[in-house]
Amino acid sequence: MKQELYGYDIKKVTEEFGSTTKAITQALTQVELESTKKQLKQVKEELESTRNKLQQAQVALDSTREQINVLEKDNARRDDIDPVRADLNASRDELHAILKGNAAGKHYNMGGSGANLLCLPKNPEWKEYTEGDSSTWTGKLFGVEYDI
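Oh and the sequence shown: position 142 is 142 in the UniProt record's numbering, straight run, nothing missing.
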């Protein structure tokens, strides 16, 4: 028994409508997929750009850290120095120490030193020294006392 509506076979119309709906759904899915692919490509490009900017920022940050370390080291050395106003007419009691720290020099009974006194900062940077070096060219520093 054939069912008809306005002269159309309902079963045939339903089958055609179903296949058309399926075709439309597939077309929409394809369009959505292409749109999603484009969006994903844009997101990837933005991520790559952001990653490059972060790498550049990291390089700049590392460089700045190195500069800060150098400046801190330099500043630590300068902390030993007191600013002094030069006053040629100042009395002995009015003179101030230019350098805070320690003094060193040659042993009192050794001759041939390049300087009588060396002014050292509070925390000098000592390099590696091997005790017992037989070289006659080894430089040695001794503590000193002096009157101003």
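No residue lacks a Cβ here, since even glycine has one placed at the ideal position from N, Cα and C.
On a predicted model such as this, the values are computed, not experimentally measured, just so you know.
| Query | Result |
| --- | --- |
| Return yes when the Cβ of Gly111 is within less than 7 Å of the Cβ of Val144, no when it is not. | no |
| Kindly indicate which three-state DSSP category Asn123 falls into: helix, strand or coil? | coil |
| According to DSSP, which residues form a beta bridge with Ala103? | Cys119 |
| Given this structure, state the Cα-to-Cα distance separating Leu54 from Ser63, to the nearest angstrom. | 14 Å |
| DSSP on Gly143, reduced to helix/strand/coil? | strand |
| With H, G and I counted as helix, E and B as strand and the rest as coil, what does DSSP make of Asn109? | coil |
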